[in-house]
Every structure is written in structure tokens, then in C-alpha cells.
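Taking it in order: structure first as C-alpha cells, then the write-up.
In the working numbering, the protein residues as written are 569 to 961.
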């Protein structure tokens, strides 16, 4: 290693190393290594992590799970006005610490170009990261609330800062963490590579994850709308009450009604469950009507209309995708069934005898039991020669 750059076979001038195109492409030169280079050899030679190493893939999967946790907790904190303390506060601290470590890992991870070569040029890696995800990663990782707390009074106590409107605005900056979810686009591909799960299982999991996340967002938005109008009478949190029921003594005489328990008097976690329940009932077009927007709140009504339109669209997409997954769960069986249907139609048009048709069907079924229904020639032709030999052996 010389000056943070990997030494390759051909030396090049700094001008050649910095000859990057405006669209982010880069010509081959110093710092380009063979893409099949072992991760340990790359780390020893350049001090960089291999982007396709097993440990890096595990790191990326763990990062995706933490991003999901972070997005859920941030939206919950903003929507429900919750402040995590105790054990959850410690977990939140380690989540931010993990994101900070990921920034360092990204700066020290080689990249693969379109030709499959490993680029170990640290300047190219750093500038590429700075132009893409660094701003979002840094803003979403920096402890902005603690910084504002020290500026306002030197206290990091959340309760002491709750009266400042500036702190609430700073908390909204944490919504930038939601943009991290875009990084999860390749999460299921990495899960499939590392765990070897069936693609249908991962697609189903992805669909349910989308639906659950949408319900979570709708729940947070609805409660935030009601919370902003908590001074008015009749918001949905105040209207949703478990009505008092009559009860009878040992002699069977009716007694006074038990006092009703309203949602606003329950714990915050119970309000979240009620909000998610409303979101799923709205998205799935069930709409029991027990939780509904207040007729005195146009904002709640508009939020409900938006949830109905977007929710039913997401629900229809998920149902359609699930039907497609089920129909294509076994593409080989589908192809064999289609071939048999074509054969039966051909025999009907051919108008042959019953015994001949039966013999031909038996022969066709026997042939399909050991001959692939897929186009093996095209699949083999698209494979590299060394892999083609392994498949054909």
C-alpha cells in the first residue's frame, strides 16, 4: 500500500487516477484488482473490506434489520410523542453507534465496477460515498437532540427540553432516518444468497413487511393528528371508549354501571395497538367503525380518506402479488401442466383412436419424469464455461 492506494501491476499518474467521468464511471487503472480476489487477501493488501465477503453480507443484513427498527421507532416517537428511556434508550444509543460504524465501514469497503473489477482507490471510494449516501447517513446518525440540549441549558434530559419548540423541530429532522429504508432494496437478495431461502418465501415476507409498515405509518399519522388537537373535544382518542356495562350482585339485583374506560386514559402502548388496529381495518376495507375520525376534525377526516385510498391500493397490490406467487410457486409443474394441455388439444384435433391417445400420453408423462421442461440449452449457453462444466457433469 502506498499513500492509501493499492499497488497494482501498472503504475499510473495521479491524473490518471482522478480521471473520473462526471457520471461516476471510471476507467481501468491503478487500484483495479481482480474481482475474484479473496477477501482476506484484499484486506491484507489494501486494508479494505471485500464487498461480497461473507462477513460483509452478514453486516449488510444486520444493518437492514437495524434500519427497519430505527425507522419504526423514529416514526413511533414522533407520531406518539414517546421518549425512550432506560433499556430502550440504551438500545437507541447502540443503534446510532452502529450507524456511525457503518459510515467507517463504507469508507473502507472496495467497490465493484461494471466489469467486475475491484476498485481499491480510496479517493474514488470516498468521493463516491460523499456524493451519494454520506449526507443522509451523517445527519441521521448525529445526536442532534443532545447538541441542542447542551446549547439550551447543558442538560440532556428530554423532559427539560420538551417545552422548547426548537427541540420538536429537531426531532423532525430524525425523519431523515426513514430515507435509510431505501438501502433495504437489496436486503431480500442478500437474504436469499446467505440463507438460501425459496424466492416465494422472501417475496411473501416482503409483501407482509410492506403492509405492516404502511399500517404503522398510518397509525402514527392518525394519532399525531388527534394529539395535535388534544385541546378540542371530540377527537377520536377521546371518543373511543369501552362503554360501562351493568353488573349484578349475588341476589341478582342490577347495580350501577361501571365507569367507561376511554382510550386517552390508557397507556401509550395500548393507544398504539388501537391505532394499528384501525389502520389494518381501513386498509383491508373491513372498517368496523368502532374507531372513526371525529366529525369535528376535518384533519382527521382527511387523514382517514388518504389512508383509505392509499391503503386499499397497497392491499390490492399485495393480494395481486400473492396470487401471482401462488400460481408460480412451482414453475416446473406449471410448465408440465401446460405441455400436457397442449398435447391433449393436439390429440383432439388429430382425432386419433383412444388407445393411441392413451399410449402417447403415457409416453409423454414418462419422458417428462426425467427430461427438464426448461430450455436447458439457453440456460447453459448463458453460463460461464467453468460453471457450465460443473452443471453438465
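Note that CB positions come from ideal geometry on N, CA and C, so glycine has one too.
Nearest-angstrom Cα separation, counted from residue 711 out to residue 722: Mapped onto the chain shown, residue 722 falls at position 154. Mapped onto the chain shown, residue 711 falls at position 143. With a pLDDT of only 49 at residue 722, under 50, the local geometry of the prediction cannot be trusted, and no value is derived from it.
Per-residue DSSP class, three states only, for residue 938: Your numbering for residue 938 matches position 370 in the chain shown. The three-state reading of DSSP puts residue 938 in coil, since its state is none of H, G, I, E or B.
Alpha-carbon spacing of residue 655 relative to residue 661, whole angstroms: Here residue 655 refers to the residue found at position 87 of the chain shown. Here residue 661 refers to the residue found at position 93 of the chain shown. It is roughly 10 Å from the alpha-carbon of residue 655 to the alpha-carbon of residue 661.
Residue range of the alpha helix (DSSP H) that includes residue 698: Counting from 1 along the chain shown, the entry for residue 698 is found at position 130. Boundaries of the alpha helix (DSSP H) around residue 698: 690-699.
Length of the line joining the Cα atoms of residue 916 and residue 940: Start at 1 with the first residue of the chain shown, and residue 916 comes out as number 348. Start at 1 with the first residue of the chain shown, and residue 940 comes out as number 372. So the alpha carbons of these two residues sit roughly 25 Å apart.
Whether residue 647 touches residue 788 by CB criterion (9 Å): If you number the chain shown from 1, residue 647 lands on position 79. If you number the chain shown from 1, residue 788 lands on position 220. Judged by their CB atoms, residue 647 and residue 788 are nearer to each other than the 9 Å cut-off.
Cβ-based burial, residue 838 [other Cβ within 10 Å; buried from 16]: On the chain shown, residue 838 is found 270 positions in, with the first residue counted as 1. Residue 838 counts as exposed, since fewer than 16 other C-beta atoms from the protein chains shown sit within 10 angstroms of its C-beta.
Between the CA atoms of residue 688 and residue 605 - distance to the nearest angstrom: As a working note, residue 605 is residue 37 in the chain shown. As a working note, residue 688 is residue 120 in the chain shown. Their Cα atoms are separated by approximately 12 Å.
Residues that residue 679 bridges to, as DSSP identifies them: In the chain shown, counting from the first residue as 1, residue 679 sits at position 111. Paired residues: 687.
Simplified DSSP state of residue 756, which is helix, strand or coil: Numbered from 1 along the chain shown, position 188 holds the residue referred to as residue 756. Looking at residue 756 - three-state DSSP - the assignment turns out to be helix.
Whole-angstrom distance between residue 645 and residue 652, CA atom to CA atom: The residue labelled residue 652 in the question sits at position 84 within the chain shown. The residue labelled residue 645 in the question sits at position 77 within the chain shown. Rounded to whole angstroms, the gap between the alpha carbons of residue 652 and residue 645 is 8 Å.
For residue 788: DSSP bridge partner residues: In the chain shown, counting from the first residue as 1, residue 788 sits at position 220. Paired residues: none, contrary to the question.
Residue interval of the alpha helix (DSSP H) (run including residue 628): What you label residue 628 is simply residue 60 of the chain shown in a count that begins at 1. Counting along the chain, the unbroken alpha helix (DSSP H) around residue 628 starts and ends at 622-648.
DSSP-derived helix/strand/coil call for residue 924: The count along the chain shown starts at 1 and reaches residue 924 at position 356. DSSP places residue 924 in helix when its eight states are reduced to three.
Validate contact between the stretch 895-911 and the stretch 860-871 using beta carbons, cut 8 Å, 3 pairs: No, the stretch 895-911 is not in contact with the stretch 860-871.
Meets three-Cβ-pair contact criterion under 8 Å: the stretch 843-863 and the stretch 743-757: They do not touch, by the three-pair rule.
Residues near residue 657 by beta carbon distance below 8 Å, same chain, minus five either side: Residue mapping note: residue 657 aligns to position 89 of the chain shown, counting from 1. Cβ neighbours of residue 657 beyond the five flanking positions: none.
Nearest to residue 908 (by Cα), restricted to the options 932, 887, 888: What you label residue 908 is simply residue 340 of the chain shown in a count that begins at 1. The option with the nearest alpha carbon to residue 908 is 932.
Separation of residue 628 from residue 668, as counted between CA atoms: Here residue 668 refers to the residue found at position 100 when the chain shown is read from its first residue. Here residue 628 refers to the residue found at position 60 when the chain shown is read from its first residue. Answer to the nearest angstrom: the Cα atoms are 14 Å apart.
At least three beta-carbon pairs within less than 8 Å, the stretch 689-698 to the stretch 633-641: By the criterion of at least three beta-carbon pairs nearer than 8 Å, the stretch 689-698 is not in contact with the stretch 633-641.
Span separating the alpha-carbon of residue 707 from that of residue 780: Locating residue 707 in the chain shown gives position 139, where the first residue counts as 1. Locating residue 780 in the chain shown gives position 212, where the first residue counts as 1. The straight-line gap from Cα to Cα measures roughly 26 Å.
Alpha-carbon to alpha-carbon, residue 782 and residue 842: Against the chain shown, residue 842 aligns to sequence position 274. Against the chain shown, residue 782 aligns to sequence position 214. Answer to the nearest angstrom: the Cα atoms are 15 Å apart.
For residue 662, the three-state DSSP class (helix, strand or coil): Position 94 of the chain shown holds residue 662. Assigned with DSSP and collapsed to three states, residue 662 falls in helix.
Candidates 776, 622, 640, 681, of which the one nearest residue 884 by Cα: The residue given as residue 884 occupies position 316 in the chain shown. Selection 776, 622, 640, 681 evaluated against residue 884 yields 776 as nearest (Cα-Cα).
Three-state secondary structure (DSSP) of residue 617: Start at 1 with the first residue of the chain shown, and residue 617 comes out as number 49. In this structure, residue 617 counts as strand in the three-state DSSP scheme.
CA-to-CA distance, residue 928 to residue 778, given in whole angstroms: Taking the chain shown and counting its residues from 1, one reaches residue 778 at position 210. Taking the chain shown and counting its residues from 1, one reaches residue 928 at position 360. Whole-angstrom Cα-Cα distance: 48 Å.
Residue 766 to residue 893 span [Cα, whole Å]: Here residue 766 refers to the residue found at position 198 when the chain shown is read from its first residue. Here residue 893 refers to the residue found at position 325 when the chain shown is read from its first residue. So the alpha carbons of these two residues sit roughly 11 Å apart.
Own chain partners of residue 674 with C-beta closer than 7 Å, once the 5 adjacent residues on each side are dropped: For this step, residue 674 is matched to residue 106 along the chain shown. Take residue 674, set aside five residues on each side of it, and the residues of its chain with a beta-carbon closer than 7 Å to its own are 697, in chain order.
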